[in-house]
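Visitor:
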Amino acid sequence: MTKLFSYQTNVPINYNQEIIGGIINFMAVAYIIMVNPLILHANGAGFPLSPAITSTVLITICMTMLAGFIIKLPFVLAPGMGMNAMITYGLILHDKLDIPTALGVILFSSLLLFIFSVTKIRQIIIHALPDFLQIALSAGIGIFLFFIGLKNAGIVVASSNTILAMGKIDSSLILSLLGFILVSALFIKRKSYAFLLPILLISIIYWLLNPPQLPSHWFELPDFSLFMQINVWGALKLSVLPAILSLFLVNFFDATSTILGLLSQMHFNSQHEKNLYLRKALFTDAFGGMLSAVFGSSPSVIFVESSSAIQNGAKTGFASLVTALLCLPFIFLAPLISIIPSIATAPILMIVGLLMLANLRNLVLNDFEDILVVGITVLMMPFCFSITAGAVLGIISYTLLKLLLGKYNQLSPTLIIISIVCCSWFWLN
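So the mapping is simple: this note's numbering equals the position in the sequence shown, first residue as 1, plus 945.
#1: Taking three-plus beta-carbon pairs below 8 Å as touching, is the segment 1125-1140 in contact with the segment 1153-1173?
#2: Just tell me which of Leu1018, Pro996 and Met1173 has its CA closest to the CA of Val1249.
#3: Which of the three DSSP states is assigned to Val980 in this structure?
#4: Cutting at 6 Å between CB atoms, please list the residues of its own chain near Ser1191, excluding the five before and the five after it.
#5: Between Ile1175 and Gly1049, which are expected to be in contact by the criterion C-beta below 8 Å, what is the C-beta distance as a whole number of angstroms?
#6: Can you name, in chain order, every residue of its own chain whose Cβ lies under 7 Å from the Cβ of Ile1093, other than the five neighbours on each side?
#7: DSSP has Ala1238 in a bridge; who is on the other side?
#8: Taking the alpha-carbon positions, what's the Ile1133 to Gly991 distance?
#9: Which residues does DSSP list as the beta-bridge partners of Leu1109?
#10: Would you mind giving the Cβ-Cβ distance between Met1008 and Ser1253, rounded to the nearest angstrom? I have them listed as a contact below 8 Å.
#11: Would you check if the distance between the CB atom of Phe1228 and the CB atom of Lys1219 is smaller than 8 Å?
#12: Determine the direct distance from the alpha carbon of Ala973 to that of Ala1130, and round the result to whole angstroms.
#13: Got a sec? Which residues, its chain only, sit under 7 Å from Ile1296 by beta carbon, not counting five neighbours each side?
#14: Could you name each continuous alpha helix (DSSP H) segment of 4 residues or more that falls completely within the segment 1156-1227, going from the start of the chain to the end?
#15: Give me, in chain order, the residues of the same chain whose beta-carbon lies closer than 6 Å to that of Ile964; leave out the 5 immediate sequence neighbours on both sides.
#16: If we call anything under 8 Å between Cβ atoms a contact, is Gly1298 one with Val1318?
#17: Counting contacts by CB-CB distance shorter than 8 Å, is Gly1234 in contact with chain B?
#18: Put Ala1073 into one of helix, strand or coil per three-state DSSP.
#19: Can you confirm whether the segment 1058-1069 touches the segment 1299-1316 when touching is taken to mean that 3 or more C-beta pairs between the two stretches lie within less than 8 Å?
#20: If you draw a straight line from the C-alpha of Leu1348 to the C-alpha of Ile1086, how long is it?
#21: Within 10 angstroms of its Cβ, does His986 collect 16 or more other Cβ (buried), or is it exposed?
#22: Which ranges would you report for the beta strand (DSSP E) in the segment 1007-1058 if only whole runs of at least 3 residues count?
#23: By Cβ distance below 8 Å, which residues in the same chain neighbour Leu1090 in space, the five residues on each side in sequence not counted?
#24: Mapping the DSSP letters down to three states, classify Ser1331 as helix, strand or coil.
#25: Since Ser1116 is in the beta strand (DSSP E), which residue starts that stretch and which ends it?
#26: What whole-angstrom Cβ distance do Ile1100 and Leu1305 have, given they're in contact under 8 Å?
#27: Does Ser1357 come out as helix, strand or coil in the three-state DSSP assignment?
#28: Beta strand (DSSP E) containing Val1246: first to last residue?
#29: May I ask you to report which of helix, strand or coil DSSP gives Ala1303?
#30: Please go through the same chain and pick out, in chain order, the residues whose beta-carbon is closer than 8 Å to the beta-carbon of Ile1361, but skip the five residues on each side of it.
#31: How about Ile1285 and Ser1148: are their beta carbons less than 8 Å apart?
#32: Near Ser1251, which residues of its chain fall below 7 Å by C-beta distance, leaving aside the five closest residues on each side in sequence?
#33: Do Ser1242 and Leu983 have their CB atoms nearer than 8 Å?
#34: Pop quiz: Ser1265 and Gly967 are said to be a contact at Cβ under 8 Å. What is the actual Cβ separation, rounded to whole angstroms?
#35: Taking Ile964 as part of the alpha helix (DSSP H), name the residues at either end of that continuous run.
Below, the structure is given as structure tokens:
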């Protein structure tokens, strides 16, 4: 059993610690089972809700179990925040792609990630984009998520006079603000249920104030109608290439930074051993993205919340198995999840967005043109309502500014190639 789940076969498994760690990890990520389908659904404009719930739960269970057997560390994989919004609000609502084509984008971006994760190309890409541009990509998605949260909460509404305005102050808006404060307080206190508990509390209060139309049944068999619905050829059109590249870059740097952060909390006997598990984690993460496309969900990622189990003493993949099993009942609870109001999940989007925006504190900018690039990348995502637009404009502006200023030594052939591909976005759109 030790050999099956533990990365250090000479260390016995403390099953009490692993079970507790698995439960803590489940509490830390259970919110995604409710939030991800609702983001993909986008109030009826995106994915159908019931199949999205099924695909979300299935990919979480399958990839978390796989992580337990392959990575052998207490990692949880589930559809990632940020990329789910990118799929729905970017590819489907903004770019007008149909769901099968969007799933094809997920498949090919994850395939690129898979190829680069098992080769040395990953290192080449990492060195091609400067650190500050990688941070800007994450921060831009953060503002985008925060903006969607404000919109779903009714705090910000469209206005014909001022483009945007504050929404009408009513019980729903107040509940969203209270939910945001509660999430923030619990997160600051490092409670494992920081995201889950506010969703439940706000939903209950909302239901008391606005009794919902209860479903005719509380349990439902899984809906597999999104399974294997990928439009491969549609995703291979030139007009879709920038979207594939954008999703790949976002997933690529997010996965690398998250995994490195989690591995730094573990004890390894040597740097070689640590690098081995880094490759295993990147391999599993990329494979999860491809499997997500098959199941009909946004890409799964290794969740940074896995740190909760690590900090509480979990050390092996047995904790991942516990987490996966605890997720299983949710596959039959689609009717219950369908009546969760958007104001209950909006605070989660807002706080996750702010957490991603907080990466800006790590910026080190020496040149004014770099400040311009960060501003373009971060601001154009919410202003254009497109993560792809922010990523493309940021990369192109960086390359052009360096060329015009004669700073050729700060550019690599890889980045120039990426920029040329990004230029096609203007022509193809």
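Even glycine gets a Cβ: it sits at the ideal position worked out from N, Cα and C.
In this text the structure is predicted, and so the values were computed from the model without any measurement.
Guide: Looking at the atomic coordinates:
#1: Judged by Cβ distances under 8 Å, the segment 1125-1140 makes no contact with the segment 1153-1173, as fewer than three pairs qualify.
#2: Ranking Leu1018, Pro996 and Met1173 by Cα distance to Val1249 puts Leu1018 first.
#3: Val980 falls in the helix class under three-state DSSP.
#4: Around Ser1191: Thr1333 and Ala1336.
#5: Rounded to whole angstroms, the Cβ separation of Ile1175 and Gly1049 is 5 Å, and the two are in contact under 8 Å.
#6: Only Ala1030, Tyr1034 and Leu1294 meet the Cβ criterion.
#7: Beta-bridge partners assigned by DSSP to Ala1238: none are found.
#8: The C-alpha of Gly991 is placed about 33 Å away from the C-alpha of Ile1133.
#9: DSSP links Leu1109 through a beta bridge to Ala1103.
#10: Ser1253 and Met1008 do not touch by the CB rule: their CB atoms are close to 18 Å apart, not below 8 Å.
#11: In this structure, the beta-carbon distance from Phe1228 to Lys1219 does not fall below 8 Å.
#12: Roughly 15 Å separates the two Cα atoms.
#13: Phe1125, Val1128, Ser1129 and Phe1132.
#14: Runs of the alpha helix (DSSP H) inside the segment 1156-1227: 1177-1180 and 1186-1208.
#15: Result list for Ile964: Val1267, in chain order.
#16: Contact: no.
#17: Within the model displayed, chain B is absent; a lone protein chain is all it includes.
#18: In the structure shown, Ala1073 falls within a helical segment according to DSSP collapsed to helix, strand and coil.
#19: In short, these stretches do not touch, since the Cβ pair count stays below three.
#20: Looking at the two C-alpha atoms, the distance is approximately 27 Å.
#21: By the neighbour-count rule (16 or more Cβ atoms within 10 Å), His986 is buried.
#22: Correct list: 1022-1024.
#23: Exclusion of the five residues before and after Leu1090 leaves Met1026, Gly1027, Ala1030, Leu1294, Met1295, Val1297, Gly1298 and Met1301 as the residues of its chain whose Cβ lies within less than 8 Å of its Cβ.
#24: Secondary structure at Ser1331: coil, using DSSP grouped into helix, strand and coil.
#25: Annotation for Ser1116: no beta strand (DSSP E) segment contains it, though the alpha helix (DSSP H) segment containing it runs Ser1116 to Ile1133.
#26: Taking 8 Å as the upper bound for CB-CB distance, Ile1100 and Leu1305 are not in contact here, some 22 Å apart.
#27: In the structure shown, Ser1357 sits in coil (DSSP, three-state: anything other than H, G, I, E or B).
#28: First-last of the beta strand (DSSP E) with Val1246: Ser1245 to Ile1247.
#29: The three-state reading of DSSP puts Ala1303 in helix, counting H, G and I together.
#30: Excluding sequence positions up to five before and after Ile1361, its CB lies within less than 8 Å of the CB of Thr1344, all in the same chain and listed in chain order.
#31: Judged by beta-carbon spacing, Ser1148 lies within the 8 Å limit of Ile1285, meaning their Cβ atoms are closer than that value.
#32: Once the five neighbours on either side are set aside, the close Cβ partners of Ser1251 are Asn970, Pro1019, Phe1020, Val1021 and Leu1207.
#33: Cβ atoms of Ser1242 and Leu983: not closer than 8 Å.
#34: Taking 8 Å as the upper bound for CB-CB distance, Ser1265 and Gly967 are in contact here, some 7 Å apart.
#35: Secondary structure note for Ile964: its alpha helix (DSSP H) is the uninterrupted segment Tyr960 to Val974.
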